[in-house]
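Enquirer:
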Amino acid sequence: MKIKKNPERVDVVIVGAGAGGATAAKVLTEAGLRVVGLERGPWLKPEHASGDELKYLNRNFIWQDPKLKPRTYRQNDSEEAVVTNFSATPQVVGGGTTHWGGMVPRMTASDFKLRSLHGDVPGASLVDWPINYDELEPYYTRVEWEFGTSGLAGANPWEGRRSRGYPTKPSPLSQIGRTFATAMDKLGHNSFPMPQGMVTEPYRGRQPYSENGFWQQYPDPGTGKSSVLISFIPDAICTGLYDLRSDCYVHEVLVGPDGRATGVRYEDEEGNEWVQEANAVIVCAGGIETPRLLLMSKSALFPDGLANTSGQVGKNATFHQYSFSVGLFDRDLRDPLYGWSGHYMSGCSFDFYETDESRGHILGSLIFPSNIGHPVNWSFPGRPSWGLAAKDADRKLFNHTMKIGILLHDLPVESNRVDLDPTVKDAWGLPVARITHTPHSNDFAQEKWQVKKNGEILEAAGASKIVPVNMERITGNTSHELGTARMGDDPAASVVDRWCRAHDVPNLYVFDASFFPTATGINPALTIMANAWRCADRIIQVDARGWTAD
Amino acid sequence: MGQAEWVTVPIATRDVEGPIYLSQDEWDTVEAATARIIPTDHHPGAREARVVRFIDRMLAGTQFVFPAADGIGFLKMTGREEAAWAERIEARRELYRNGMLELDELAKVDFGARFISLSDEDQDKVLEKLSGQPKPEPFTFDAPEDDGRVGAPAGNQPVSEDFLSFFPLLVLNTRQGFYGDPVYGGNENRIGWAVIGFDGPATLKSTMDGSYTTLKYMIPEAHWPYERHPEVLRYRRP
Chain A
1 MKIKKNPERV
11 DVVIVGAGAG
21 GATAAKVLTE
31 AGLRVVGLER
41 GPWLKPEHAS
51 GDELKYLNRN
61 FIWQDPKLKP
71 RTYRQNDSEE
81 AVVTNFSATP
91 QVVGGGTTHW
101 GGMVPRMTAS
111 DFKLRSLHGD
121 VPGASLVDWP
131 INYDELEPYY
141 TRVEWEFGTS
151 GLAGANPWEG
161 RRSRGYPTKP
171 SPLSQIGRTF
181 ATAMDKLGHN
191 SFPMPQGMVT
201 EPYRGRQPYS
211 ENGFWQQYPD
221 PGTGKSSVLI
231 SFIPDAICTG
241 LYDLRSDCYV
251 HEVLVGPDGR
261 ATGVRYEDEE
271 GNEWVQEANA
281 VIVCAGGIET
291 PRLLLMSKSA
301 LFPDGLANTS
311 GQVGKNATFH
321 QYSFSVGLFD
331 RDLRDPLYGW
341 SGHYMSGCSF
351 DFYETDESRG
361 HILGSLIFPS
371 NIGHPVNWSF
381 PGRPSWGLAA
391 KDADRKLFNH
401 TMKIGILLHD
411 LPVESNRVDL
421 DPTVKDAWGL
431 PVARITHTPH
441 SNDFAQEKWQ
451 VKKNGEILEA
461 AGASKIVPVN
471 MERITGNTSH
481 ELGTARMGDD
491 PAASVVDRWC
501 RAHDVPNLYV
511 FDASFFPTAT
521 GINPALTIMA
531 NAWRCADRII
541 QVDARGWTAD
Chain B
551 MGQAEWVTVP
561 IATRDVEGPI
571 YLSQDEWDTV
581 EAATARIIPT
591 DHHPGAREAR
601 VVRFIDRMLA
611 GTQFVFPAAD
621 GIGFLKMTGR
631 EEAAWAERIE
641 ARRELYRNGM
651 LELDELAKVD
661 FGARFISLSD
671 EDQDKVLEKL
681 SGQPKPEPFT
691 FDAPEDDGRV
701 GAPAGNQPVS
711 EDFLSFFPLL
721 VLNTRQGFYG
731 DPVYGGNENR
741 IGWAVIGFDG
751 PATLKSTMDG
761 SYTTLKYMIP
771 EAHWPYERHP
781 EVLRYRRP
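Line by line, the protein sequences give chains A and B.
Mapping to our numbering: the first sequence position 393 is 393, numbers consecutive.
Whatever position you read off the second sequence (first residue = 1), add 550 for our numbering.
Next comes the structure, spelled out in structure tokens:
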């Protein structure tokens, strides 16, 4: 390892170039601040992408290779954690917005005040958000328009007040969407077009998605799918003030004797070690890697890890487990569903989102119909695995299957956490993240009820067989990693304040989903981006004024 | 050199027809086994799809792990990623080597001959024994829910095959060779897709330039509220 002359000090160094980091880079550089971005993964471009199922789904072209970047998991403290590929999420420039399905619903107003609504739920660490829907609304709108989205304002009766509609019309309806919408209508329920991170009309130089069907888990070779890779990152680079260095792995956030962050120490692709100094550090490495980095950043001043005086770093982890019911349709009775056409999902409903205690649980999730995979990975529980029986099942059912899924709105529990594994190291010799997690009893109740309900919808749609797929444990199968550096007003009970600034370190921020005080029952990326914009605005307007010139 | 800088090597899985890694004898055994996993009937099976070539190329080394995006050539892997894949492939080679020995061993014990010389029926019996479970029964809509041989779809996540033993690995690889993009050496003339009715892309490049689209299988004219839209209301009514 060589030590060379370190790069110049800048205003802000941002760890990670996903939804949170790229949004911050755009907002800060457009305001004239000099920013260095450090992303541990490669900078793959749209031209590296194509509709290749094996490459993306089976050979993990953009997911971390568990041989190099393992994680460990255990249910509780009495177990020995085992190596798993828990919560695989692309570690690349663009982060989760590269592989995602681009679901961008807004949080509902109630999501911000669950403690006020439900009180002290035994076994859970339920809190209110320190901000409310109206504070975030202007930023939701900005992101929807700057990032590029599609949807239909007003179609979701459960949504809060919005100041503006979507910039492009809803995405085209698939057969799965048709089936879902008509079944929901039959049952007296609302459904509406899924708000999507995609443009469906020519928009700001972008062309609509080709509808090649390779959507969920596939980066888009075109410009239809919205990702920070093709939006906020180019915006930031255009300012001339964003120096984004890919394949650069941050090992430690550094602090000075005054307790302020001074920068980060990182290793580049060739193994060279560098220190990047900055007036402020924003950590956006994801809800697992962010607490890992803070916990690895131990010093005399912060012996338990950085920004961890509260002891809350890594705790209250939630993961939005994805569960579903599969519907198998008889081809002699029903039209084909062609699940592989379109963009994985089509339509959604919030009718089960708000709490109805008569269901026997609190909270709820959005539900949405989707396909069950391209040919290689298409499957359902009970599918014959080999022989003529297997070939026959594939032939009869490949075009006659769909599922309706939920994103578990899981309750935060303090003992559910991310910390450093005491023995397992990654390929760089650093301790890996260890996940300790047991779902709350309300999680199981909610999940069971909704999966059953989704089965009833499939039945109304005419499915001849319903197969529920329930969780046994949390596997991190949504790549949503939340709550591990929670936002709150009380420094004793939270890691960052209402501006996502560390209570302990006045120039250290966390802008990824680690800040979520509670999980919500929707996909987090839109909220990550809106919140990052809100907090970056605060840096520009207030915090940066205190920084001395470099 | 990071993953984004990997160069494309102008090689194809079809540059030669026969084995690159397997011996001819091993090739024949793997081909026979895959032909029982996806048998030929009134539609082509694993044999016609050249699944054995897919498996041979998978085992041949890191040169055939990732095709270039447009399907012309393969990416030259480097660094830690390449080393991790070399290790992974080595583990699979060993599983296949031992697995083929076991197939012949089981065949000799029960039928007194090598696996490849058995009848279809006897090969099935050997595979059944190797799998440790009864041969899968045909799917029916009214079968009980716990009758399955395999679990839930991957749903939302990449699939790991690092922890599989030989038989489930062989089954999965057969499926991959039958249904994966032809660029990997199987799914010859896209016959795997034709069998199940997947109107997939003619080339990987056609998924990049917008020339391949599934729009004709959708209902793009419909707008919300969908359930009231004439295109939906009259959809394929008898």
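A virtual CB, placed ideally from N, CA and C, is assigned to each residue, including glycine.
(1) Could you name the residues of chain B that G51(A) contacts, counting a contact when the two beta carbons are closer than 7 Å?
(2) Taking contact to mean at least 3 C-beta pairs separated by less than 8 Å, is the stretch 62-80 of chain A in contact with the stretch 266-281 of chain A?
(3) Out of curiosity, what's the CA-to-CA distance linking I176(A) and A183(A)?
(4) Just verifying my parser: in three-state terms, what is the DSSP assignment at K658(B)?
(5) Going by other Cβ atoms of all chains shown within 10 Å of its Cβ, with 16 needed for buried, is F398(A) buried or exposed?
(6) When the cut-off is 8 Å and only beta carbons count, does S715(B) lie next to chain A?
(7) With a Cβ-Cβ cutoff of 8 Å, do R498(A) and D489(A) count as a contact?
(8) What number of angstroms, rounded off, separates the C-alpha of D220(A) from the C-alpha of T97(A)?
(9) Is it buried or exposed, D550(A), if we count other Cβ atoms within 10 angstroms and call 16 or more buried?
(10) Would S464(A) count as contacting chain B if we go by Cβ distances under 8 Å?
(11) Classify F302(A): buried if its beta carbon has 16 or more other beta carbons within 10 angstroms, exposed otherwise.
(12) Based on the DSSP secondary-structure assignment, which residues constitute the bridge partners of M345(A)?
(13) Give the interface partners of L581(A) over in chain B, defined as CB-CB distance under 7 Å, in chain order.
(14) Does H409(A) pass the burial test, meaning 16 or more other C-beta atoms within 10 Å, or should it be called exposed?
(15) So, using beta-carbon positions, are R178(A) and I435(A) closer together than 8 Å?
(16) Along chain A, in chain order, which residues have C-beta atoms closer than 8 Å to that of V745(B)?
(17) Give the residues of chain B in contact with N399(A), contact being defined as C-beta atoms less than 7 Å apart.
(18) So who's on the other strand from F324(A), going by DSSP bridges?
(19) Can you check whether the C-beta of H48(A) is within less than 8 Å of a C-beta belonging to chain B?
(20) I want to verify the contact list: residues of chain A whose CB lies under 8 Å from the CB of P594(B), in sequence order.
(21) Considering only C-alpha positions, which residue in the set G286(A), N416(A) and Y242(A) is nearest to T29(A)?
(22) M345(A) and T101(A) - do their beta-carbons sit closer together than 8 Å?
(23) Nearest-angstrom Cα distance between E576(B) and R603(B)?
(24) Taking C-beta pairs closer than 9 Å, name the residues in chain B that S174(A) reaches, listed in chain order.
(25) Pairs of beta-carbons, one from the stretch 284-301 of chain A and one from the stretch 311-328 of chain A, closer than 8 Å: are there three or more?
(26) Roughly how many angstroms separate the alpha carbons of M487(A) and G462(A), rounded to a whole number?
(27) Between H437(A), C535(A), A530(A) and I540(A), which has its C-alpha nearest T141(A)'s C-alpha?
(28) Looking at the structure shown, is G11(A) part of a helix, part of a strand, or coil, going by DSSP?
(29) Could you tell me which chain B residues have their CB closer than 7 Å to the CB of K55(A), listed as they occur along the chain?
(30) With a threshold of 8 Å between beta-carbons, can S365(A) be considered close to chain B, or not?
(31) Closest Cβ-Cβ distance between A634(B) and chain A: below 8 Å?
(32) When burial is assigned at 16 or more other CB atoms within 10 Å of the CB, is C248(A) buried or exposed?
(33) Below 8 Å between beta carbons: does that hold for L411(A) and L126(A)?
(34) Quick check: the Cα distance between A427(A) and V82(A), rounded to an integer number of angstroms?
(35) Counting only beta-carbon separations shorter than 8 Å, does R586(B) have a partner in chain A?
(36) Once you ignore the five residues that flank L44(A) on each side, which residues in its own chain have a CB closer than 6 Å to its CB?
Expert: A quick look at the data gives this:
(1) P751, L754 and T757
(2) no
(3) In a straight line, the C-alpha of I176(A) is about 11 Å away from that of A183(A).
(4) Collapsing the DSSP output to three states places K658(B) in a helix.
(5) buried
(6) no
(7) yes
(8) 10 Å
(9) Note that D550(A) scores 48 on pLDDT, short of 50, meaning its location in the model is unreliable and no value can be drawn from it.
(10) yes
(11) Burial is judged here by how many other beta carbons sit within 10 angstroms of a residue's own beta carbon; F302(A) has at least 16 and is buried.
(12) In the DSSP output, where bridge partners are listed per residue, M345(A) has S370(A).
(13) In the structure as shown, chain A begins at 1 and stops at 550. Residue 581(A) is therefore absent and cannot be evaluated.
(14) Per the 10 Å Cβ criterion, buried.
(15) no
(16) K391, D394 and R395
(17) G747
(18) Its beta-bridge partners are G405(A) and V469(A).
(19) The beta-carbon of H48(A) is placed less than 8 Å from the nearest beta-carbon of chain B.
(20) By Cβ distance, chain A contributes nothing, its closest Cβ being about 10 Å from P594(B), past 8 Å.
(21) Y242(A)
(22) It should be pointed out that residue 101(A) corresponds to Gly in this sequence rather than to Thr. In contact: G101(A) and M345(A) (Cβ atoms closer than 8 Å).
(23) 12 Å
(24) T764, Y767, M768 and I769
(25) yes
(26) When rounded, the distance between both Cα atoms is 45 Å.
(27) A530(A)
(28) Sequence inspection shows Asp at residue 11(A); the Gly mentioned does not correspond to that position. In this structure, D11(A) counts as strand in the three-state DSSP scheme.
(29) F616 and P617
(30) No, S365(A) does not count as interfacial toward chain B.
(31) yes
(32) A buried status is given to C248(A), since no fewer than 16 other beta-carbon atoms sit within 10 Å of its beta-carbon.
(33) Closer than 8 Å, so yes.
(34) Going by the C-alpha atoms only, they are around 17 Å apart.
(35) yes
(36) Non-local C-beta neighbours of L44(A) in its own chain, meaning closer than 6 Å and more than five positions away in sequence, comprise V92, ordered along the chain.
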